[in-house]
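Undergrad: Numbering (our numbering), first residue to last: 1 to 436. Virtual Cβ for every residue (Gly too), placed ideally from N, Cα, C.
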Ligand code: GLY
Ligand code: MN
Ligand code: MN
């Protein structure tokens, strides 16, 4: 993503913040994994959205209409010894030259400099309650300014949640963002296809996860966007299964929910397929219902439909399908109104997708479901889960957990499935698996 894209986002935010406001946004801290080892560093999505700056120990400050420069970045200074041990730093010069800051200062100087920058501002915008240490720091700076009232300092009067403003911006994806999301989707498709082709009875779930990770990294994704779910047989019925350490059996299904992250953008795909490459009649029956529900839900993705329309469509198809198979009793309206279908379909049909897999943005505006608009990206992921020993259910259906998930962009006229190249029908899946 080029510098212009980030500059444009900062300008858009500064329009909202306006003269007299100051926006403060810290980088995510490093997180310890165990002694001397941190988790791989992942920038805070909001911070990265505005800066593209990939290092920890940094603070973005935006002061609209400040004559000496509106965009200030506090970051680590260059330090050859530290860089020899821990890796390269942009330094103050890099912050300006490579990341477009008007001015850059050492992060160690924030307590000396930030209160002075806040002094001339009436409103502080910052992500309240996201980083406890930063909350304390901001309150400290506020109190410092209050304490200086007698020398004529007027401390800021308002503190406003920056996150909500930024999250509304992030909900609408630009062409540059969609370009990255399409690339992330393509990597995930390649990984899911590889997993389908390599899968055999007797393998372990972690061996399939290894194939996904291999393909992600081989194609330039440094990490999955979330822990991959690779659940065979009974594990396909555990929605957030991540143990991924059971043997796969010929005759069972395998549910894979995995997506690559690329340049801090997520993809999120689920496919479910037979480990031996051929759906059994019972698996086929349930699969056809989930697929029909997913297609019906995707058809509801268009501007001016509301957030819940795809979910309502999926619920109707699933409820009717389960009634037809005798797994639910009663007429359609009763099964829906009594939530009977939730026994087998207990989650919602999707979520916003973007830099975070469960991306930001409100789902309701006041009391009403939000209307879909061009540029929004959501997942569509209905499922049916029938664990073993399900009472009143024929055992041929036990241990069938099926979810089908695609990433869908709202366009001006309807939708575009970003993950459309991933095989999805029974014929496509069986054909792909037979090839190998
Ligand atoms: N992979 C998490 C989800 O589908 O929501
Ligand atoms: Mn998923
Ligand atoms: Mn999802």
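Give the range of the alpha helix (DSSP H) segment to which residue 432 is assigned.
TA: Per DSSP, residue 432 belongs to the alpha helix (DSSP H) from 426-434.
Undergrad: I need the residues with a C-beta less than 6 Å from some heavy atom of ligand 3; please give them in chain order.
TA: With the cut-off at 6 Å, the residues found are 268, 351, 379, 381, 405.
Undergrad: Flag this pair as touching only if the region 349-363 and the region 320-340 have three or more C-beta atom pairs under 8 Å; answer yes or no.
TA: With the cut-off at 8 Å, the region 349-363 and the region 320-340 do not touch.
Undergrad: Quick one: what's got a C-beta closer than 8 Å to residue 19's C-beta in the same chain, skipping five residues either side?
TA: These residues qualify, in order along the chain: 64, 65.
Undergrad: Rounded to whole angstroms, how far is the Cβ of residue 30 from the Cβ of residue 56, which I believe are closer than 8 Å?
TA: That belief holds up - the Cβ atoms of residue 30 and residue 56 are roughly 5 Å apart, short of 8 Å.
Undergrad: With respect to the beta strand (DSSP E) encompassing residue 123, which residues constitute its N-terminal and C-terminal limits?
TA: 123-126 is the span of the beta strand (DSSP E), which, as asked, contains residue 123.
Undergrad: Nearest CA to the CA of residue 219: which residue from 248, 188, 200, 242?
TA: Taking only the C-alpha atoms, the option nearest residue 219 is 188.
Undergrad: With a threshold of 7 Å (Cβ to nearest heavy atom), would residue 357 be considered close to ligand 1?
TA: At least one heavy atom of ligand 1 is nearer than 7 Å to the Cβ of residue 357, so yes.
Undergrad: Go through the region 352-378 residue by residue and report every complete run of the alpha helix (DSSP H) that reaches 4 residues or more, in order.
TA: As far as the region 352-378 is concerned, it has no whole alpha helix (DSSP H) run of at least 4 residues.
Undergrad: Which residues mark the beginning and the end of the beta strand (DSSP E) in which residue 417 is found?
TA: Here the beta strand (DSSP E) through residue 417 covers 415-417.
Undergrad: Work out the CA separation of residue 393 and residue 318 for me, nearest whole Å.
TA: Whole-angstrom Cα-Cα distance: 16 Å.
Undergrad: Quick one: grab the DSSP three-state call for residue 84.
TA: It is helical.
Undergrad: For residue 302, which residues of its own chain have a beta-carbon under 6 Å away from its beta-carbon, when the five flanking residues on both sides are left out?
TA: For residue 302, where only same-chain residues beyond five positions count, the Cβ hits under 6 Å are 414.
Undergrad: Considering residue 407, what are the terminal residues of the beta strand (DSSP E) in which it resides?
TA: 406-410 is the span of the beta strand (DSSP E), which, as asked, contains residue 407.
Undergrad: What residue range does the beta strand (DSSP E) around residue 32 cover?
TA: Where residue 32 is concerned, the enclosing beta strand (DSSP E) stretches over 32-34.
Undergrad: Is it a yes or a no for the region 270-284 touching the region 252-261, going by three-plus beta-carbon pairs under 8 Å?
TA: They touch, by the three-pair rule.
Undergrad: In this structure, how does DSSP classify residue 94 when only helix, strand and coil are distinguished?
TA: If DSSP states are grouped into helix, strand and coil, residue 94 belongs with the helices.
Undergrad: Please state whether DSSP places residue 238 in a helix, a strand or coil.
TA: It is coil, neither helix nor strand.
Undergrad: Quick one: grab the DSSP three-state call for residue 324.
TA: In this structure, residue 324 counts as helix in the three-state DSSP scheme.
Undergrad: Helix or strand or just coil, what does DSSP make of residue 229?
TA: Here residue 229 sits in strand by DSSP.
Undergrad: When the Cα atoms are used, what is the spatial distance from residue 160 to residue 130?
TA: Cα-Cα distance, rounded: 13 Å.
Undergrad: Apart from the five residues just before and just after residue 469, which ones in its own chain have a Cβ nearer than 6 Å to its Cβ?
TA: This structure cannot settle anything about residue 469, because the visible part of the chain is limited to 1 through 436.
Undergrad: Give the DSSP bridge partners of residue 103, in chain order.
TA: Note: residue 103 sits in a beta bridge opposite 72.
Undergrad: Do you know offhand how far residue 224's Cα is from residue 267's?
TA: Straight-line Cα distance between these residues: approximately 9 Å.
Undergrad: For residue 384 versus residue 238, is the C-beta spacing smaller than 8 Å?
TA: No, Cβ-Cβ distance for residue 384 and residue 238 is not below 8 Å.
Undergrad: Ends of the beta strand (DSSP E) at residue 257?
TA: Unbroken beta strand (DSSP E) run through residue 257: 253-258.
Undergrad: Counting along the chain, where does the beta strand (DSSP E) carrying residue 10 start and finish?
TA: No beta strand (DSSP E) contains residue 10, which is instead part of the alpha helix (DSSP H) from 3-17.
Undergrad: Using only alpha-carbon positions, find the residue among 264, 168, 214 that is nearest to residue 437.
TA: For the chain, the structure presents residues 1 to 436; residue 437 sits outside this window and is missing.
Undergrad: Strictly by DSSP, which residues pair up with residue 274?
TA: Answer is 253.
Undergrad: Let me make sure I understand the geometry here. Which of 99, 256, 305 has the alpha-carbon closest to that of residue 211?
TA: Comparing Cα positions, the closest option is 256.
Undergrad: Hey, residue 409 and residue 418: beta-carbon distance below 8 Å or not?
TA: Cβ distance < 8 Å, so residue 409 and residue 418 count as in contact.
Undergrad: Let me know the beta strand (DSSP E) ranges lying completely inside the region 155-238, each 3 residues or longer, listed in chain order.
TA: DSSP runs (the beta strand (DSSP E)) wholly in the region 155-238: 158-161, 229-232.
Undergrad: Does the count of Cβ pairs from the region 91-107 and the region 38-58 closer than 8 Å reach three?
TA: Touching, per the Cβ criterion.
Undergrad: Measure the CB-CB distance between residue 125 and residue 178 and report whether it falls below 8 Å.
TA: It is not a contact, given that the beta carbons lie outside the stated cut-off.
Undergrad: To test your reading of the DSSP string, which unbroken alpha helix (DSSP H) runs of 4 or more residues are found completely within the region 31-62?
TA: Counting whole runs of 4 or more residues, the region 31-62 contains the alpha helix (DSSP H) stretches 45-51.
Undergrad: Hey, quick one: how far does the alpha helix (DSSP H) through residue 26 stretch, first residue to last?
TA: Note, residue 26: premise wrong, no alpha helix (DSSP H); beta strand (DSSP E) at 21-26.
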